[in-house]
Amino acid sequence: MTKIFNPLGRTMQRRDFLKVAGASVAVAALPAAARGADPVKLLVWSWLPDFQTQIDMFNAAHPGIQVKLVNAGQGAPEYQAVRAGLKAGSGLPDVVHIEFQFLESFRQIDAFADIGQWANPHKAEFPEGTWTQVAKGNVVGGMPWDSGPMAMLYRKDIFDKHGITPPATWAEFADAAKKLHAADPNVFLTDALLSNGGWVNGLLWPMGWKPIRRDGDKLAININDKISKDFAAYWQDLITAGVIETKPGFNNEWYTGLDSGRYATWLTAGWGPVFLTSVAKTSVGQWRAADLPQWDASKFATGNWGGSALAVMKATQHLPEAAELAIWLTTNPEATKLYTTKQFLFPCTTALLTSAEFAGQKMDFYGGQAVNKVFAKSAAAVSNFEWSPFQDFLYQSMEDEFGASIGGKGTLSDAFDRIQDAVVTYAREQGFTVD
Amino acid sequence: MTATTDIATFEAAKRRPGERRRSRIILTLLLSLFLIYSFVPLVYLVLSATKTNGDLFTTFGFGFGTEFNLWQNLSDLLARDNGIFMRWMFNSVLYSTVAGLGAAIFATAAGYAFAKFKFVGRNLLFALVLGAVMIPQTALVVPIFLLLALSGLSDNPLGVILPSMISPIGVYLMCVYIEQGVDDELLDAARIDGAGEFVIFRAIVLRLVAPGMVTVALLSFVGTWNNYFLPLIVLRSQEYQPITVGLATWYQLAQQGGGGGEVLFSIIITGALVGIIPVIVVFLLLQRFWQGGLTAGAVK
Amino acid sequence: MAMSNSPAAATRPARSGGFTSRKLAPYLFLAPFVLLFIAFIVAPLVYAFYMSLYRDTLVGGRQFAGAASYIKVMGDTKFWGGVWNLVLFGIVQMPIMLSLALLFAIVLDRGQVYAKGVFRLGFFLPYAVPSVIATIIWGYLYGPTFGPFTQMAKAFNLPPPDFLSPGAMIFSLANIVTWEYVGYNMVIYYAALKAIPSDLAEAARVDGASAWQFARLIQLPLLWPAILITIIFSINGTLQLFNEPYLMRALARNTINSSYTPNLYAYSLATSNQQYGYAAAVSFVLGIVIAGASYIFTLITNRRRPEQ
């Protein structure tokens, strides 16, 4: 049964190997172990569409390494598979695609190898906020691949019609929301994606929210602090006034809402502009990008929503090669550029973020605006953020409790209190010491 | 003579033709209402498969889009990820066919044992088999994965096919079916004639219970075709996955923006439509076996 | 007589080892099913039970916890809240689904309608739609802002229905499940009807029974085991509801939380919470609840079983 399904015949591999072994140019660059012997086989898990293109480029450049790509599911299903593999002690890839916010959760269960000795020389190629996502001091679990610096996409046509200028501060944003909805009851300034933990987190980030700080097995949990209460009060005011919506995002109702002009803005991240082009059709040319509204107009602050890394699993039998794979795929100029044109990832490397080709690219969908420039500015300003060692649980609690609030169970502020209680209880159950 | 014709004769004798036609029309109308209910979502599916991604979100669901995009959607579907969709279709057909046949044969054999033999532990075993359906799937799938990993069967299609061959409802159905449809005297007569147990099973039982077996095969086929949770956990490699897992993987790309998110709704909807076709074909092929009811009238 | 169909009947000498093989036969017939059953149901179950006696923690790893998880489930309001949701669901959905399926099976079996084949296929077809797709489709139809029902309501100046509100969600889910499974249950009844020996219809005719009397007095009692088993299966399917609410969450995250149904709860415990032992314990208690509900139901209905 397995034989029928095996796509890589043995002979095929050997022929490939002989063919590339002839090209002696690249051989010197190879790790010693790979030279002369059978090629090292590496397995990488990723859900990135068309990723095989870059994998083929890597294989061509590394005759001693044969990489196989498997799509083990997007996000949660893949993490589930990684955890199951860790429990079973088998069936794990060498390199794995993991979103930034879950790296710490996998570090907690000791999933990653340290590739610091190979990765640290590349530190300067990334903005500091991005690098701290994958590195803890000199210990590096993986390489940053794409990121999601936040900014605002808005409908110029709707703004113009109602005489609204893009709000620079949250106070202006609230005024605009009230003004817009009063002018047209079928239009809302935005749909607050409160049932999306990453969105809420991304907006709390620039406010300096530090929900969980960690010192060994000791945790300081401050989820319902002054910052989150301010955040809750702000959005609660808009919800009570009925001038924004709080529907879940990323479903057809929401896509239609964005395209049909029900929502005049989308507070989104670097991957948003291209994502939007695939769902919006009638609003082509009407969208523009602007900075995220600010709490303090004199200090530009921003957050990150989404983004991911290629991490190297501790279970790998070929650490140097796996590290080379992760590093090459995230730093090679050709491969990284291709992500922005073929797969539309928002890049991590400073070189790309500042390049004329990427940042200066004018898109018709955005009326010829170079929207990437707005997000690139945000990328450079994103500060460090400390993720919890059980981010899935935190997000799930946030999503459950905000949902309950919207459904009528207390205010958003009450929701933060309930999340605090749930997380403290959970952390203690998991063996952490909570102050 | 079959059960259906018998009842038909029986009905004919009871009623006058005019009355019969009237009740026929009323019943047909009544059932048509439910048929509309069954078809409404399917109509949406068919119409959606003809639309572009943009039209899908902006035009009315029960109308056509601004352009007829079905052929483009189909070619996009077949081209996506180097044509992996046809591979998923092949996998689904293979897993469902093998699981459906296996489930029917094993359930018939087991049902026959329960229906026509007395043996130690019969009632207990029967209760256990039926009780098994009460075990929540979540309780089984993760342990199944871990046990498969231990036995080297993880990421192996057998890990999906073999569990799918277990059909407690199949065993139950076949047991009831054989109890009612296979006459004890017939079996005893065969034994007196000197037929071995396996021969009796193959030559008499299997022939008599064909409609029941078809039902079990059909339900298991469709059940395996629709199964999502088990292949999701057991299979890693995309080239082993069935269409449910494959389409869900594409669907999830739209759920989350970061890390290469992409909205592929028109392809997914088209894939779903194509994915129903084999089930319809199987249903049409198998339903012939029901027409005659119990075969050959051998029961009498 | 069908005996002539058996080629062996003519060749085999009488009583050749018939006695011993008859004693062995049931075990041989059962063997393939039972082997799979042990490998893929009993063994994982034992393993899951073993897991439920341990507690996995992020700090300190795995520790023996004994019955602690089970005691915790007993007082877990999230778990029992989910069970309660589904009890409401089942009370509404099961009678509707099963009586429709029964009606259709009897009508189609009698052939008392035009275009029998169209109905048989048409009713069965929704079962061919994977629940992933079915939920996406119904999710669109339910859309509170842009769905077709809302658009129709707006066209007539009526208040648009909100199928996704906390109060309506359970019925919206019930509708999806009904749509998916009426055909499935119909096929089971249909097969059972086909197993009713045809001479019964003849006997009923001679006795002068009407079609309704025949259905009530002959078919229903003979169908009773099949009806009972579909009820038990439905109780079981209801309390294990997972796919539909899991996928409907994308549209209604504010209504469907991570413990909306017990299986959803067990799933989030095992995935985002990484509490494998507790998830296993929740699943076991759910299994006991299901078994209890099925048993009580069997007791009640057996007392009212229609007489043959």
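So the protein lines, in turn, are chains L, P and E. So the first sequence is numbered by the numbering used here: it starts at 227 and just counts up by one. So the second sequence is numbered by the numbering used here: it starts at 2 and just counts up by one. So the third sequence is numbered by the numbering used here: it starts at 108 and just counts up by one. Glycine included, C-beta positions come from ideal geometry on N, C-alpha and C.
Query: Beta-carbon gap between Val239 of chain E and Tyr229 of chain P smaller than 9 Å; Result: yes
Query: Range covered by the beta strand (DSSP E) that runs through Pro370 of chain L; Result: Gly368 to Arg381
Query: Alpha-carbon spacing of Val235 of chain P relative to Leu163 of chain P, whole angstroms; Result: 12 Å
Query: Local Cβ density within 10 Å of Lys525 of chain L, reported as buried at 16 or more and exposed below that; Result: exposed
Query: Chain-order list of residues whose beta-carbon lies under 6 Å from that of Ala259 of chain L (same chain, five-residue window excluded); Result: Here Ala259 of chain L scores only 48 on pLDDT, less than 50, and its place in the model should not be relied on; the value that follows carries that caveat. Here the set comprises nothing.
Query: DSSP three-state assignment for Trp521 of chain L, whether helix, strand or coil; Result: coil
Query: Element boundaries [alpha helix (DSSP H), containing Ser534 of chain L]; Result: No alpha helix (DSSP H) contains Ser534 of chain L, which is instead part of the beta strand (DSSP E) from Asn530 to Val538.
Query: Residues of the stretch 226-248 of chain E with Cβ closer than 9 Å to any Cβ of chain L, in chain order; Result: Ile243, Gly246 and Tyr247
Query: Min CB distance Pro615 of chain L to chain E below 9 Å; Result: yes
Query: Span separating the alpha-carbon of Pro137 of chain P from that of Ala150 of chain E; Result: 15 Å
Query: Span separating the alpha-carbon of Asn192 of chain E from that of Lys185 of chain E; Result: 11 Å
Query: Contact belief for Arg253 of chain P with Gly423 of chain L at Cβ below 8 Å, rounded distance in angstroms; Result: Just to set this straight, residue 253 of chain P is Gln in the shown sequence, not Arg. Incorrect: roughly 16 Å between the Cβ atoms, too far for contact.
Query: Separation of Leu187 of chain P from Asp194 of chain P, as counted between CA atoms; Result: 11 Å
Query: Contacts of Gly317 of chain L in chain P (Cβ-Cβ under 8 Å); Result: Ala150, Ser155, Asp156 and Arg237
Query: Chain E residues whose Cβ lies nearer than 9 Å to that of Thr98 of chain P; Result: Here the premise fails: no neighbours, minimum Cβ distance about 15 Å.
Query: Cβ-Cβ distance between Gln622 of chain L and Asn450 of chain L below 9 Å; Result: no
Query: Where Leu46 of chain P falls, given that 16 or more other Cβ within 10 Å makes a residue buried; Result: buried
Query: Bridge partner(s) assigned by DSSP for Val293 of chain L; Result: L:Leu268
Query: For Thr358 of chain L, the three-state DSSP class (helix, strand or coil); Result: helix
Query: Within the stretch 283-353 of chain L, ranges of the alpha helix (DSSP H) (whole runs, at least 4 residues); Result: 302-314, 326-334 and 342-345
Query: is_contact[Gly55 of chain P, chain L] using C-beta, thresh 9 Å; Result: yes
Query: Beta-carbon proximity list for Glu330 of chain L, same chain, < 6 Å, skipping 5 on both sides; Result: Trp613 and Pro615
Query: Gly260 of chain P versus Ala111 of chain P - alpha carbon distance; Result: Legend: pLDDT at Gly260 of chain P = 48, less than 50; position of this residue unreliable, no value from coordinates given.
Query: Whole-Å CB distance - Thr220 of chain L paired with Met376 of chain L, under 8 Å assumed; Result: There is no way to answer for residue 220 of chain L, as the model of chain L reaches only from 227 to 661.
Query: Contact belief for Met175 of chain P with Ala104 of chain P at Cβ below 8 Å, rounded distance in angstroms; Result: The Cβ separation is near 10 Å, so there is no contact.
Query: Cβ of Trp271 of chain L within 9 Å of any chain P Cβ; Result: yes
Query: Residues that DSSP places opposite Trp497 of chain L in a beta bridge; Result: DSSP, once it has assigned bridges, lists no residue as partnering Trp497 of chain L.
Query: With 16 other Cβ atoms within 10 Å as the buried cut-off, status of Leu330 of chain E; Result: buried
Query: Expected contact under 8 Å - CB spacing of Met369 of chain L and Ala552 of chain L to nearest Å; Result: 5 Å
Query: Continuous alpha helix (DSSP H) stretch holding Thr60 of chain P: start and end; Result: Neither: Thr60 of chain P is in no alpha helix (DSSP H) and is coded neither H nor E.
Query: Extent of the continuous beta strand (DSSP E) run through Asn164 of chain E; Result: A quick correction: the sequence has Thr, not Asn, at residue 164 of chain E. Tyr161 to Thr164 is the extent of the beta strand (DSSP E) around Thr164 of chain E.
Query: Runs of alpha helix (DSSP H) wholly within the stretch 415-488 of chain L (minimum 4 residues, chain order); Result: 423-430, 452-467 and 478-486
Query: Cα-Cα separation, Ala357 of chain E to Leu271 of chain E; Result: 11 Å
Query: Selected residue, minimal CA-CA separation from Lys387 of chain L, among L:Pro275, L:Gln512 and L:Leu268; Result: L:Gln512
Query: Chain L contact for Asp82 of chain P (CB, 9 Å cutoff); Result: yes
Query: With 16 other Cβ atoms within 10 Å as the buried cut-off, status of Thr395 of chain L; Result: exposed
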